[in-house]
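Student:
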Amino acid sequence: MNIHEYQAAEILKRHGIPINTGIVATTPDEVAAAAEQLGGTVVVKAQVHTGGRGKAGGVKLAGSPAEAREVASRILGMDIRGHTVHKVLVAPAVPIEREYYLGVVIDRAARGITIMGSSAGGVDIEEVARETPEQIHRELADPFLGLHDFQARRLAFALGIEPDLVPGFARLARQLYQAFFDSDASLAEINPLVLTKDRAWLALDSKITIDDSALVRHPDLEQLRDLQEENPTEMAARAAGLSFVKLDGTIGCVVNGAGLSMATMDAIKHYGGEPANFLDVGGGASAEQVETALRLVLADPNVRAVLVNIFGGITRCDVVAQGLLAAMEAIKPTVPFVIRLVGTNQEAGRAMLAEAGLTVVDTMPEAAQRVVAAAKGAAA
Ligand code: GDP
Ligand code: MN
Numbered sequence: 006m007n008i009h010e011y012q013a014a015e016i017l018k019r020h021g022i023p024i025n026t027g028i029v030a031t032t033p034d035e036v037a038a039a040a041e042q043l044g045g046t047v048v049v050k051a052q053v054h055t056g057g058r059g060k061a062g063g064v065k066l067a068g069s070p071a072e073a074r075e076v077a078s079r080i081l082g083m084d085i086r087g088h089t090v091h092k093v094l095v096a097p098a099v100p101i102e103r104e105y106y107l108g109v110v111i112d113r114a115a116r117g118i119t120i121m122g123s124s125a126g127g128v129d130i131e132e133v134a135r136e137t138p139e140q141i142h143r144e145l146a147d148p149f150l151g152l153h154d155f156q157a158r159r160l161a162f163a164l165g166i167e168p169d170l171v172p173g174f175a176r177l178a179r180q181l182y183q184a185f186f187d188s189d190a191s192l193a194e195i196n197p198l199v200l201t202k203d204r205a206w207l208a209l210d211s212k213i214t215i216d217d218s219a220l221v222r223h224p225d226l227e228q229l230r231d232l233q234e235e236n237p238t239e240m241a242a243r244a245a246g247l248s249f250v251k252l253d254g255t256i257g258c259v260v261n262g263a264g265l266s267m268a269t270m271d272a273i274k275h276y277g278g279e280p281a282n283f284l285d286v287g288g289g290a291s292a293e294q295v296e297t298a299l300r301l302v303l304a305d306p307n308v309r310a311v312l313v314n315i316f317g318g319i320t321r322c323d324v325v326a327q328g329l330l331a332a333m334e335a336i337k338p339t340v341p342f343v344i345r346l347v348g349t350n351q352e353a354g355r356a357m358l359a360e361a362g363l364t365v366v367d368t369m370p371e372a373a374q375r376v377v378a379a380a381k382g383a384a385a
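Residue numbers (my numbering): 6 to 385.
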C-alpha cells in the first residue's frame with residue numbers, strides 16, 4: 006500500500022527525523038490561508054501516489070498567499086502520470102545547500118535490508134541508477150541486528166559528507182531504517198534529503214510503501230489508505246479475497262496459486278503475449294471466486310483473450326468446471342477462452358467443459374501459445 010508524502014513524513018517525524026511540516030489543503034482558498042499562516046515563501050506540492058511530481062509541474066514555489074492560490078489552482082485537478090491531484094501540501098520553502106537521496110528497501114537477492122544513499126539526490130533516482138550507478142552507495146543490514154552506526158557512518162563517508170555532519174546523517178539513516186522496519190515497509194525513502202543553508206538535515210520529500218500482507222498488524226497505517234488513489238478493480242478483488250494486480254497487456258489470467266500465476270504470466274510472455282493482470286484466486290478456487298475473478302478480468306477493456314489455468318488440488322476439477330460454466334453462463338463473455346484444468350477429477354471436469362464447447366488444453370506451453378494466438382486473432 007502506498008501512502009502520501011505528508012503521511013510518510015508524519016511517520017518519519019515519529020521516529021525523530023526532522024521534516025518540513027506543512028498544511029494539507031484541497032482548495033486554492035485553503036492553500037492561500039495556509040500560506041498566510043506559514044508566512045514567507047511556501048512550496049505547494051501535489052499529493053499523489055506517484056513520483057516525478059516536480060518534473061510534471063506538481064511542485065511550485067510561491068512568494069505570497071495570492072501567488073500560492075494561483076499556483077494551487079493550476080496544481081489541483083492536474084493529472085500526473087494517471088493520478089488526479091485532489092490534495093496539496095503547503096510547506097515553508099527551504100533554502101537548500103545540497104540534495105541527497107536516502108532509501109531503505111528489502112533486498113531479496115541479498116536476503117537483507119539495503120540502505121542506499123546518493124549525493125545525486127533530488128532527481129529521479131532510477132535514472133541515476135541507470136546512468137551513473139557508481140553514484141549510488143549501499144550498506145546491507147541484517148534484519149536481526151539492524152543498521153549499525155558504523156555502517157551508517159561508512160555510508161556518510163562514501164557520500165563525501167563532511168565530518169561534522171556525519172553524526173547527524175548517521176542518526177537520521179538509522180531512524181529511517183527503524184521507521185521502515187517498524188512499519189513493515191517494503192520501501193522507505195527520502196528524496197531529497199537536504200542539507201539546508203544553515204547546515205541542518207531535513208527530509209524534504211519522503212515516500213513509504215507498506216507491505217499489504219503486514220497491514221493486519223498495523224490498523225493505524227491501514228487508516229492512511231486513500232481510496233481515491235486505489236485501482237477500483239484491485240479494491241473489488243481485495244474485498245473478495247482475491248489477489249489481483251492490473252497490468253497493461255491483452256491476456257486476462259485467472260489462475261489459482263501465486264506461483265502458478267507467475268509461471269502462467271512467464272509462459273504468456275515467452276510466447277510473445279502480454280498479461281493483462283496477475284490474479285490468484287486462491288488455493289480453494291470456489292465457484293463464486295472463479296465467477297468474481299472472471300468478472301474482474303473481463304471488466305478490463307484491453308482484454309482480448311482469457312487464460313484460465315487451474316490446478317485442482319484442494320478443489321476438485323469437476324467442481325471448478327461447474328463454477329466456470331455457471332460464471333460464463335452468467336457473464337456471457339465475448340472474448341475467446343483457453344482453459345487448462347489439471348488435477349483431481351480432471352477427466353470429469355474436462356468432459357463438462359468440452360461438452361459446453363470450450364477448448365481445454367493439457368500443457369502450459371500449449372495453453373500459452375493458444376491464448377497468445379487467440380488474443381492476436383481477436384485484436385486483428
Ligand atoms: P518529486 O518530484 O515528486 O520527487 O517532488 P519533491 O518534493 O522531491 O520536489 C522536487 C524538487 O523540488 C526537489 O528536489 C527540490 O529541488 C524542489 N523543492 C521541493 N521543495 C522545495 C523547497 O522547499 N525549497 C526549494 N528551494 N526547493 C524545493
Ligand atoms: Mn522527491
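Ideal Cβ positions, reconstructed from N, Cα and C, are used throughout, including at glycine.
Which of the three DSSP states, helix, strand or coil, is assigned to His20?
Tutor: Reduced to three states, the DSSP call for His20 is coil.
Student: With C-beta atoms as the reference, is Leu145 less than 8 Å away from Ala115?
Tutor: Yes, they are a contact pair.
Student: Should Asn196 be listed as close to the ligand GDP, given that the test is whether its C-beta is under 7 Å from any heavy atom?
Tutor: Yes; taking the cut-off as 7 Å, the Cβ of Asn196 has a heavy atom of the ligand GDP nearer than that.
Student: Given a cut-off of 8 Å on the beta-carbon distance, is the pair Leu152 and Ile120 in contact?
Tutor: Yes.
Student: Would you mind reading off the limits of the alpha helix (DSSP H) that contains Ala175?
Tutor: Looking at the DSSP string, the run of the alpha helix (DSSP H) that includes Ala175 is 171 to 187.
Student: Whose CA, out of Ser78, Gln140, Leu177, Val36, lies closest to the CA of Ala3?
Tutor: In this structure the chain extends from 6 to 385, so residue 3 is not present and cannot be described.
Student: Could you pull out every unbroken alpha helix (DSSP H) segment of at least 4 residues lying fully inside the region 141 to 168, listed in chain order?
Tutor: Whole alpha helix (DSSP H) segments, 4+ residues: 154 to 163.
Student: Check whether the Cβ of Ala134 lies closer than 7 Å to any heavy atom of the ligand GDP, and answer yes or no.
Tutor: Outside the cutoff, so no.
Student: Would you say the region 213 to 230 touches the region 129 to 136, given that touching needs at least three Cβ pairs under 8 Å?
Tutor: The region 213 to 230 is not in contact with the region 129 to 136.
Student: Where are the beta strand (DSSP E) runs, 3 residues long or more, that stay fully inside the region 16 to 66, in chain order?
Tutor: If we require 3 residues or more, the beta strand (DSSP E) runs fully inside the region 16 to 66 come out as 28 to 30, 47 to 51.
Student: Is it buried or exposed for Ile344, if we count other Cβ within 10 angstroms and need 16 for buried?
Tutor: It is buried - the Cβ of Ile344 has at least 16 other Cβ atoms within 10 Å.
Student: DSSP three-state label for Val128, please.
Tutor: Looking at Val128 - three-state DSSP - the assignment turns out to be coil, as it is neither helix nor strand.
Student: Starting from the C-beta of Ala14, find all residues in its chain whose C-beta is less than 6 Å away, skip the five residues before and the five after it, and write them out in chain order.
Tutor: Excluding residues within five positions, the ones whose Cβ falls inside 6 Å are Ile24, Ser211.
Student: How long is the line joining the alpha carbons of Ala385 and Asn261, rounded to whole angstroms?
Tutor: Low local confidence applies: a pLDDT of 45 at Ala385 is under 50, so the model's placement there is unreliable, with the coordinate-based value given in what follows. Going by the C-alpha atoms only, they are around 30 Å apart.
Student: Within the same chain, show all residues whose beta-carbon is closer than 6 Å to that of Leu329, passing over the 5 residues directly before and after it, in chain order.
Tutor: Val295, listed in sequence order.
Student: Taking the alpha-carbon of Phe278 as reference, which of Ser291, Arg300, Thr255 has the nearest alpha-carbon?
Tutor: Phe is not the amino acid found at residue 278; the sequence shown has Gly there. Nearest of Ser291, Arg300, Thr255 to Gly278, Cα basis: Thr255.
Student: Mind checking whether Leu160 and His142 have CB atoms under 8 Å apart?
Tutor: Yes, they are a contact pair.
Student: Can you check the region 296 to 363 for any alpha helix (DSSP H) of at least 4 residues that lies completely inside it and give the ranges in chain order?
Tutor: Fully enclosed alpha helix (DSSP H) runs of 4 or longer: 322 to 336, 351 to 360.
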